[in-house]
Structure formats: C-alpha cells, structure tokens
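In order, the protein sequences belong to chains A and B.
Counting from 1, position 18 in the first sequence corresponds to residue 21 in the working numbering; the numbering is continuous, with no gaps.
Counting from 1, position 33 in the second sequence corresponds to residue 38 in the working numbering; the numbering is continuous, with no gaps.
Virtual Cβ for every residue (Gly too), placed ideally from N, Cα, C.
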Amino acid sequence: MRTHDVKLHYRGLKAVDGVTMELASGSIHALIGTNGAGKSTLVGLLSGEYWPSDGQVELDGMDVTDWRQPRRSRAGVGRSYQHSSVFPQLSALENCRLCAHACRHGWRHWLGAASGGGAGLSAAQAALERTGLAGVGAHPAGALSHGTRRQLEIAMCLACQPRILLLDEPLAGMGPEETERMLALLQSLRHDHAILLVEHDMDAVFRVADRITVMADGQVLASGSPAQIRDNATVRTAYLGEDTA
Amino acid sequence: MSQPRAAGRTAVAGVQPWLQAEDLHTDLSGSPVLRGVSLDVCDGEAIGLLGRNGMGKTTLIRTLLGLVRARRGRIRIAGRDCTAERTERIVRLGIGYAPEGRGIFPNLTVRENLTMAARPRPDGTCHWTLERVLEVFPALVRRLEFGGQRLSGGEQQMLAIGRALMANPRLLILDEATEGLAPILAREVWSVLAGLRHATMAAIVVDRNFRSVLAHTDRCVVLQKGQVVLDGPSADLKRREAELTALLGV
C-alpha cells in the first residue's frame, strides 16, 4: 500500500500535508510523532475513512483513492481504533462474526449474523485462534480485561482476512504483561501482513518495527530504520525530548 | 512480598491529611473490587497509585470521587465526612480529575472545555489560568477554537489535564496520566507534577510507566486484588525494584 503526496486540509487545518509512504508485506512500519501531527488522520486516509484533498492512495498498484472504507476493507485493509470499539454485550466470537459478515455483505442483517449460522463462523474462529482468544470466545466482550479486549479488536480485524493491518495505539492503557502479549501477537502477524503501527511506547516501537516514519505538523519529519531514527537529532529533540547536545 | 494490609497509609507525622479514606470496600456488578483500602493524602503530597490492570486503581479513584459508592468504609475530605456526598460537592472541595478515557466535551471548543472548569481556590488564589495552562501545553493554542471531537487522542489528554488544573485544585487526580502522549509531552506532564509539590497541590497519579511514577512522586501505593500490598516513600520503593516488578508483572 502506498500514498503519494497525500493531503487532507479542512477548515484551515493541514491535518496531513503531503505524505508519501509505503507499507510492505511482511514488515511492521511504525508511525510516530507529536500529538496532533496527523498520524490517526493518515490512518483514516489509508483505511478510506477519509478522502484526501489531494494526492493518491494505491493498493497493489491500483489507485484506490476514491474507494470508500467498506470497499477497501473487502480489498484487504483492516484497521483498529485508539479507543475500544467492541460491542460489549456480544461475545468475543459474535464480535468477530459481525466483522466477518460485514466485510462480505455490509451491515445488512448484521445482528442475525452475530449469532446465527452460516458464513463468517470459520473466519471468526480462526481469528480468535490466531490471537490466542479461542478460550474466551463465549465471554461477553465487555467482561474481558482491557488487554484482552484490545486483542479482540485485532481479532475482529483478522476476521475480515486483511493483508494490511492499520493499528492505532494498540498498546494504550496496557500493563507490562499485556504489552508483551500484544507485541508477541504483532510479531506473529508480521509474516503474512503489512502492519502500520501508530504508537507512543518507544520501547515497543524500537523493539518490533522494521521501519519508522516520524510525523510533525502533518508532514514526514523523518523515515528510516529504527537505528537511523534513534540517531536522528531532530527526532530526538522534537519528539523524544532528549537533549542531543 | 509484603502481606496485604487492611490499612495502607503513611500520613506525615503530626499533619492532618487533607483526604482520609478508611477501610474502603467497593463492589462492581456484585463483585468485590476494593477490599479494605485505606489512603491518606496530605497537602502537597504526590502519591503514585500502582498495580496491574484490574487491581482496583480506577475504582479507588472513582470511590473517592463518589462516582461509585463504597459498601463499607469512610472518606473524609478537608475535615468533612464525604462518604455519602454527591460527586459535585466532593469536587468543589478542591479536586481536579483527568479521568481515564479523558471525558472531553466533544461539542465544546478547547477554550470552552478549559474555561468552564475555571475557578479559584476558596481562598481566592488562582495559580492556574488559561494562559498558564497554554504555556504548559502550547499545542493547544492553535486548537483553541476547535471542537473537542476534532482533537487527536494526545491533544485530548492534554486538554483533560489542563481542564483539571483550571479548577485550581488542592488535589489533582490523573488516571493514566501520560496515556497517548508523545514522549516529549509526557516529560512535560511529569515536570508539571514535580512543580506541584511546591504549589501546595497534592496529586494522585496512575500511569503505566512505574519508573516515572516513582521518580515524580513522594509516596507510592501498590494495589493487588483490591488491597494495598505495598505502601512507602517512592525513594525507598525504587530500591525494592525486584519486589515491585514482581507485583506489577513487569
């Protein structure tokens, strides 16, 4: 997946201002940056939640700039959100089944899809298995711990069988053990997915990322390997707040 | 490891705590979450609340604020029995709260979110003004007329902390203080907290980064399964890192 000079300007705000980047299969690409730098907006541009004011978004060499989110989702782009987005009264399995159904058929008859038979069950079960949640499939999502709920959100993405995962702060609010579990999950998913990871936990980012892009004011401040980013004086001063003198 | 204590409190000798919680028992959905927690907070004292997720940190805060009711126990704030007091009355005694999840008013602008919370202390002092908050969080300056829903997650966190400060509280409570903040801003929040010690403002801070909590608080309390299992000066707990990391699952 690629963006070419993609921009999103609205009401005088240059939320994203000319970003060109690429997500490669089999790798984790971390997106970091100051608060309000445009990271989540860029994720929205990639997922089809927002349409750019200018520039292009490509998937497998195809121009998908005008595709809406459901179409991009069916084409293999999955995303999770900064804040928990599960249906708390439904079980973990039902949450995954809803996603699997919605990817294939949209939101028609979706409540029936959560609990009924038919397509989506195997995808939902596979997603729970992959994320280590098979044992809590019957539990109401609202009763799961914070960390497990965040894993469920990734399972819900996987139920749509995506090739690209756009993960917006999946470690937010997690304790150390939950963080370790999530990082192990991301490592296991990297082999057959392209992962974009928006995250402020720098220890985690430097541990798992193959490439890091740093944003500031809607633009790319720097992009490179973790070692290159760690050595970048501008990044260290402007984002990490380290004294580089 | 220390045994669970019925009462976890280390008030400064001879000083009447501003907030006293005794033997709090709180249930959520019929299940016990707090099982006999006691906590004293003195003026100007910064307390770190540590523990794995689900151990009762947020429930303790919500109990202190009257957002959930303790089944048993007593809460005194500024010399008043607040055990059955309504939240708005408790807050008006001088508590600023930045909740987990931020609780920003999405349809109000940043300026409105901040100014609606503004009030001086009962003695008329007003250390925190709109200008002072914007000095600490300059990223909010260019968002002042934006609606809360247009802010990024980190900007909402800054706004939540700024709004809590605008109330010029005697006690500032930050639940997940630096969640969603870029490292440079997280440092700023910790430096604000360090400054509070000299501004007669107490603080209760929850944050996943326990080393930062230890470095920027006077005392830390560790909760496990709804009980205080460790309570002491942060400087001492720093030297007991192995015990602490075992409790926190690091």
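Worksheet item: So, helix, strand or coil for B/Pro37, using DSSP?
Response: As a first step, residue 37 of chain B must be located in the second sequence, where it is residue number 32. In this structure, DSSP gives B/Pro37 an extended state, which the three-state scheme calls strand.
Worksheet item: Which partner residues of A/His7 appear in the DSSP bridge assignment?
Response: By 1-based counting over the first sequence, the position of residue 7 of chain A is 4. The partner list for A/His7 (beta bridge, DSSP) reads A/Gln59.
Worksheet item: Going along the chain, which residues of its own chain have a beta-carbon closer than 7 Å to the beta-carbon of B/Gly13, five neighbours each way excluded?
Response: The sequence position of residue 13 of chain B within the second sequence is 8, counting from 1. Residue confidence is low: B/Gly13 scores 48 on pLDDT, short of 50, so the model does not pin down where it sits. No coordinate-derived value is stated.
Discussion item. Is the separation between the beta-carbon of A/Leu199 and that of A/Val46 shorter than 8 Å?
Written reply: Translated into positions along the first sequence, residue 199 of chain A becomes position 196. Translated into positions along the first sequence, residue 46 of chain A becomes position 43. A contact, by the Cβ cut-off of 8 Å.
Worksheet item: Where do the ends of the alpha helix (DSSP H) carrying A/Met177 lie?
Response: One-based indexing of the first sequence puts residue 177 of chain A at position 174. Premise fails: A/Met177 is in no alpha helix (DSSP H) and is neither H nor E.
Item to complete: Quick one: residues in its chain with C-beta nearer than 6 Å to the C-beta of A/Phe209, no 5 flanking neighbours on either side, listed in chain order?
Response: Locating residue 209 of chain A in the first sequence gives position 206, where the first residue counts as 1. Cβ neighbours of A/Phe209 beyond the five flanking positions: Pro229.
Item to complete: Compare the C-alpha of B/Met171 against each of B/Leu190, B/Arg137, B/Arg155 and B/Thr68 and name the closest.
Response: Start at 1 with the first residue of the second sequence, and residue 171 of chain B comes out as number 166. The shortest CA-to-CA distance from B/Met171 to any of B/Leu190, B/Arg137, B/Arg155 and B/Thr68 is the one to B/Arg137.
Fill in: Within the region 142-205 of chain B, ranges of the alpha helix (DSSP H) (whole runs, at least 4 residues)
Taking only runs of at least 4 residues, the alpha helix (DSSP H) segments lying wholly in the region 142-205 of chain B are 158-171 and 188-201.
Worksheet item: Going straight from the alpha carbon of A/His7 to that of B/Gly53, what length do you get?
Response: The residue labelled residue 7 of chain A in the question sits at position 4 within the first sequence. The residue labelled residue 53 of chain B in the question sits at position 48 within the second sequence. Their Cα atoms are separated by approximately 46 Å.
Item to complete: Look at the Cβ atom of B/Ala123, then the Cβ atom of B/Arg175, and state whether they are nearer than 8 Å.
Response: The residue given as residue 123 of chain B occupies position 118 in the second sequence. The residue given as residue 175 of chain B occupies position 170 in the second sequence. No, Cβ-Cβ distance for B/Ala123 and B/Arg175 is not below 8 Å.
Worksheet item: Nearest CA to the CA of B/Val218: which residue from B/Gly231, B/Gln229 and B/Ala191?
Response: Residue mapping note: residue 218 of chain B aligns to position 213 of the second sequence, counting from 1. When each option's Cα is compared against that of B/Val218, the closest is B/Ala191.
Worksheet item: If we ignore side chains and look at the alpha-carbon of each, how far apart do B/Phe110 and A/Asp66 end up?
Response: If you number the second sequence from 1, residue 110 of chain B lands on position 105. If you number the first sequence from 1, residue 66 of chain A lands on position 63. A direct Cα-to-Cα measurement between B/Phe110 and A/Asp66 gives close to 38 Å.
Fill in: Alpha-carbon spacing of A/Phe90 relative to A/Gly145, whole angstroms
Along the first sequence, one-based indexing puts residue 90 of chain A at 87. Along the first sequence, one-based indexing puts residue 145 of chain A at 142. Roughly 7 Å separates the two Cα atoms.
Fill in: Candidates A/Ala236, A/His194, A/Leu34 and A/Gln85, of which the one nearest A/Gly221 by Cα
Within the first sequence, numbered from 1, the residue matching residue 221 of chain A stands at position 218. The shortest Cα separation from A/Gly221 among A/Ala236, A/His194, A/Leu34 and A/Gln85 belongs to A/Leu34.
Worksheet item: Are the beta-carbon atoms of A/Ser226 and A/Met4 separated by less than 8 Å?
Response: Translated into the one-based positions of the first sequence, residue 226 of chain A becomes position 223. Translated into the one-based positions of the first sequence, residue 4 of chain A becomes position 1. The answer is no: Cβ separation not under 8 Å.
Item to complete: Would you kindly work out how many angstroms separate the C-alpha atoms of A/Thr44 and A/Asp171, rounded to a whole number?
Response: Taking the first sequence and counting its residues from 1, one reaches residue 44 of chain A at position 41. Taking the first sequence and counting its residues from 1, one reaches residue 171 of chain A at position 168. Inter-residue distance for A/Thr44 and A/Asp171 is about 10 Å (C-alpha atoms, whole angstroms).
Worksheet item: How long is the line joining the alpha carbons of A/Gly135 and B/Arg147, rounded to whole angstroms?
Response: The residue you call residue 135 of chain A lines up with position 132 of the first sequence. The residue you call residue 147 of chain B lines up with position 142 of the second sequence. Distance between the alpha carbons of A/Gly135 and B/Arg147 is about 43 Å.
Worksheet item: Based on the DSSP secondary-structure assignment, which residues constitute the bridge partners of B/Pro22?
Response: The residue labelled residue 22 of chain B in the question sits at position 17 within the second sequence. DSSP lists no beta-bridge partner residue for B/Pro22.
Discussion item. As a quick exercise: from B/Leu177, B/Ala251, B/Ala83 and B/Leu186, pick the residue whose alpha carbon is nearest that of B/Ala199.
Written reply: Residue 199 of chain B sits at position 194 when you count from the first residue of the second sequence. It is B/Leu177.
Worksheet item: Taking a cut of 8 Å between CB atoms, which residues from the region 103-133 of chain B lie near chain A?
Response: Residues Glu105 and Gly106.
Worksheet item: What are the partner residues of B/Val227, as DSSP defines its beta bridges?
Response: Along the second sequence, one-based indexing puts residue 227 of chain B at 222. For B/Val227, which the question treats as bridged, DSSP gives the partners B/Leu55 and B/Leu235.
Practice prompt. Determine, using beta-carbon pairs with one atom in the region 97-104 of chain A and one in the region 122-134 of chain A, whether at least three such pairs fall under 8 Å.
Written response: The region 97-104 of chain A is in contact with the region 122-134 of chain A.
Worksheet entry | Through-space distance from B/Arg244 to B/Arg91, alpha-carbon basis | Here residue 91 of chain B corresponds to residue number 86 of the second sequence, with the count starting at 1. Here residue 244 of chain B corresponds to residue number 239 of the second sequence, with the count starting at 1. Computed Cα separation, rounded: 40 Å.
Worksheet item: Does the separation of the CB atoms of A/Thr37 and A/Pro55 fall below 8 Å?
Response: Taking the first sequence and counting its residues from 1, one reaches residue 37 of chain A at position 34. Taking the first sequence and counting its residues from 1, one reaches residue 55 of chain A at position 52. Their beta carbons are not under 8 Å apart, which means A/Thr37 does not touch A/Pro55 by this criterion.
Worksheet item: Which partner residues of A/Gln222 appear in the DSSP bridge assignment?
Response: The residue labelled residue 222 of chain A in the question sits at position 219 within the first sequence. For A/Gln222, which the question treats as bridged, DSSP gives the partners A/Ala219.
Fill in: N-terminal and C-terminal residue of the alpha helix (DSSP H) that A/Leu258 is part of
Coverage of chain A is limited to positions 4 through 248, which leaves residue 258 of chain A absent and any answer about it impossible.
Worksheet item: Assuming B/Ala26 and B/Gly78 make a contact with CB atoms under 8 Å, what is their CB distance in whole Å?
Response: Stepping through the second sequence from its first residue, residue 26 of chain B is reached at position 21. Stepping through the second sequence from its first residue, residue 78 of chain B is reached at position 73. Confirmed, about 7 Å.
Discussion item. Could you tell me the alpha carbon to alpha carbon distance between A/His261 and A/Ala27, rounded to whole angstroms?
Written reply: For chain A, the structure presents residues 4 to 248; residue 261 of chain A sits outside this window and is missing.
Worksheet item: Hey, how far is the Cα of B/Arg57 from the Cα of A/Gly64?
Response: Locating residue 57 of chain B in the second sequence gives position 52, counting from the first residue. Locating residue 64 of chain A in the first sequence gives position 61, counting from the first residue. Using only the alpha carbons, I get a separation of about 45 Å.
Fill in: Contained beta strand (DSSP E) runs [length at least 3] in the region 53-102 of chain B, N- to C-terminal order
Along the region 53-102 of chain B, the beta strand (DSSP E) occurs as fully enclosed runs of 3 or more residues at 77-82, listed in sequence order.
Worksheet item: Mapping DSSP to helix, strand and coil, what is A/Ser228?
Response: As a working note, residue 228 of chain A is residue 225 in the first sequence. Under the three-state reduction of DSSP, A/Ser228 is assigned to coil, being neither helix nor strand.
Practice prompt. Taking B/Ile189 as the query, report the chain A residues whose CB atoms sit under 8 Å from its CB, ordered along the chain.
Written response: Position 184 of the second sequence holds residue 189 of chain B. Near B/Ile189 (Cβ distances below 8 Å), the residues of chain A are Thr37, Ala241, Tyr242, Leu243 and Gly244.
Worksheet item: Helix, strand or coil: which one does DSSP assign to A/Met159?
Response: Locating residue 159 of chain A in the first sequence gives position 156, where the first residue counts as 1. In the structure shown, A/Met159 falls within a helical segment according to DSSP collapsed to helix, strand and coil.
Worksheet item: Run through DSSP, which three-state label would B/Thr114 get?
Response: Counted from its first residue, the second sequence places residue 114 of chain B at position 109. In the three-state DSSP reduction, B/Thr114 falls in the strand class (E or B).
Worksheet entry | For B/Pro9, the three-state DSSP class (helix, strand or coil) | In the second sequence, residue 9 of chain B corresponds to position 4, counting from 1. With a pLDDT of only 38 at B/Pro9, under the threshold of 50, the placement of this residue in the model should not be trusted; the figure read from the coordinates follows. B/Pro9 falls in the coil class under three-state DSSP.
Worksheet entry | Residues that DSSP places opposite B/Thr31 in a beta bridge | Mapped onto the second sequence, residue 31 of chain B falls at position 26. Paired residues: B/Leu39.
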